[in-house]
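K.L.:
In my numbering, the protein residues as written are -1 to 133.
1) Which stretch, first to last residue, makes up the alpha helix (DSSP H) that contains residue 89?
2) Is the beta carbon of residue 77 closer than 9 Å to that of residue 127?
3) Cutting at 8 Å between CB atoms, please list the residues of its own chain near residue 103, excluding the five before and the five after it.
4) Which of the three DSSP states is assigned to residue 57 in this structure?
5) Could you tell me the alpha carbon to alpha carbon distance between residue 48 and residue 37, rounded to whole angstroms?
6) Nearest to residue 53 by CA position, among 101, 116 and 80, is which residue?
7) What three-state label does DSSP hand residue 8 in the structure shown?
In structure tokens form, the structure reads like this:
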């Protein structure tokens, strides 16, 4: 058989396609959040604005989580990979989610980034909609 057309990443001494590594990182992130007491409501919510990897709740806080996987630090920190444009898409996607779902029982909304590398790093309140200029 020929070589795979997908680029590969090394993760724990196993070479897997990069699109698969992202999926595995999202699964790992979901398990991490559940262990931390976050109730998962939805994964991979999509609309015309984009996708939110994980939506969960902790007490009365609705949490939108962007999962970032980096196999090497030279690609930059996961938080740095969430550009201002990506943040705007996440906020617009979250607004669509809020319009489509019963969410009036939440007191707060939070945007987190969960970085999956050798260790998992959870950045709670990584940014807020107030920090962005939405056109």
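Glycine included, every Cβ here is placed at the ideal spot set by N, Cα and C. Owing to the predicted nature of the structure, the values given are computational and were not obtained by experimental measurement.
P.N.:
A quick look at the data gives this:
1) Taking the first residue of the chain shown as 1, we reach residue 89 at position 91. Per DSSP, residue 89 belongs to the alpha helix (DSSP H) from 82 to 98.
2) On the chain shown, position 129 is the one that residue 127 refers to. On the chain shown, position 79 is the one that residue 77 refers to. No; because the gap between Cβ atoms is not below 9 Å, this pair is not in contact.
3) In the chain shown, the residue the question calls residue 103 occupies position 105. Once the five neighbours on either side are set aside, the close Cβ partners of residue 103 are 58.
4) Position 59 of the chain shown, counted from the first residue, corresponds to residue 57. Note: residue 57 maps to coil in three-state DSSP.
5) Sequence index remark: in the chain shown, residue 48 carries index 50 (1-based). Sequence index remark: in the chain shown, residue 37 carries index 39 (1-based). Taking the straight line from one Cα to the other gives about 22 Å.
6) Counting from one through the chain shown, the residue named residue 53 turns up at place 55. When only C-alpha atoms are compared, the closest one is 101.
7) Counted from its first residue, the chain shown places residue 8 at position 10. Note that residue 8 scores 48 on pLDDT, short of 50, meaning its location in the model is unreliable; the coordinates nonetheless yield the value given after this. Of the three classes helix, strand and coil, the one that applies to residue 8 here is strand, per DSSP.
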